[in-house]
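The numbering of the sequence shown is our numbering, which starts it at 24 and goes up by one. Backbone N, C-alpha and C fix where the C-beta goes; we use that ideal spot for every residue, glycine too.
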Amino acid sequence: MTASTATPGADPPCRPPSLPPQIAALLERIRAGREFGPNVYSTIDVLRVLYERVLRITPATVDAPDRDRFLLSKGHAVAGYYAVLAARGFVPADWLDDHGGPDSRLGDHPDRVLVPGVEIGSGSLGHGLGLGVGTALGLRAQGLTTPRVYVLLGDAELDEGSNHEAIAYAGAIGLPNLTAVVVDNASASHGWAGGIAARFTVNGWSAATVDGRDHDALHAALTGQDGTRPHVVVAVVENGE
24 MTASTATPGA DPPCRPPSLP PQIAALLERI RAGREFGPNV YSTIDVLRVL
74 YERVLRITPA TVDAPDRDRF LLSKGHAVAG YYAVLAARGF VPADWLDDHG
124 GPDSRLGDHP DRVLVPGVEI GSGSLGHGLG LGVGTALGLR AQGLTTPRVY
174 VLLGDAELDE GSNHEAIAYA GAIGLPNLTA VVVDNASASH GWAGGIAARF
224 TVNGWSAATV DGRDHDALHA ALTGQDGTRP HVVVAVVENG E
């Protein structure tokens, strides 16, 4: 009888999505023989669509006042984020080879001071959406009406009370420049009656629920704001993909 090497309670091995050669090669440099979990593979398509087709930011405009802001609340999915940043020229590809090293700028969570293009440092889950609300308010106070703020969260983060407050407040005051993107890979402990989108729409948000692997559907949803209220995109991805 062969003994199993699986850790009890651990996530099953994940099948990576289909990736273009450049992204696949960059992600492999970060992986370096380690296993990635659903946290990484479930977010990579959303990240690609944001950076390839939606966000108005380039390596030359990382400090421009009128740039779009992207906040990665789901910081433990950082491997895919680093691969996309390298593909778009925000960081040198050779930085990926020392991910998590003692002298590396690329930690296991992103650091806004060390990594060009990163807007917030992350760590404990549940803070990104609140920071996104504050960022959207700050832009509005400065009269900057063009930049949009996108916040990427995992579905399990919605178990945190801080997100309940951010959702309710953003809906109550109306923040049309704020878009939340929730990657739903069925990892939340509690869930929500009527689905994830319902917890936003009940607080006055517009919402779209799409296949988290379908780039055209993601693009349509990420650019589908009605201009009068905050917007949420729920990207559904099977756990283990």
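Judged by DSSP in its simplified three-state form, residue 185 adopts helix. Residue 176 and residue 201 do not touch by the CB rule: their CB atoms are close to 12 Å apart, not below 8 Å. By the beta-carbon neighbour count (other beta carbons within 10 angstroms, threshold 16), residue 213 is exposed.
At a Cβ-Cβ threshold of 8 Å, residue 231 and residue 256 count as neighbours. Shown here, residue 136 sits in coil according to DSSP, grouped into three states, outside any helix or strand.
In the assembly as shown, residue 142 is a buried residue. Its beta-carbon has 16 or more other beta-carbons within 10 Å. The Cβ atoms of residue 226 and residue 61 do not sit closer than 8 Å to each other. Close CB contacts of residue 247 within its chain, under the 6 Å cut and outside five residues either way in sequence, are with 231 (chain order). Taken through DSSP and simplified to helix, strand or coil, residue 93 comes out as strand. Shown here for residue 197: same chain residues with a beta carbon closer than 8 Å to its own, the five before and five after excluded, namely 227, 251, 252 and 253 in chain order.
If you ignore the 5 residues before and after residue 77, its C-beta comes within less than 7 Å of the C-beta of 242, 245 and 246, all in its own chain and listed in chain order.
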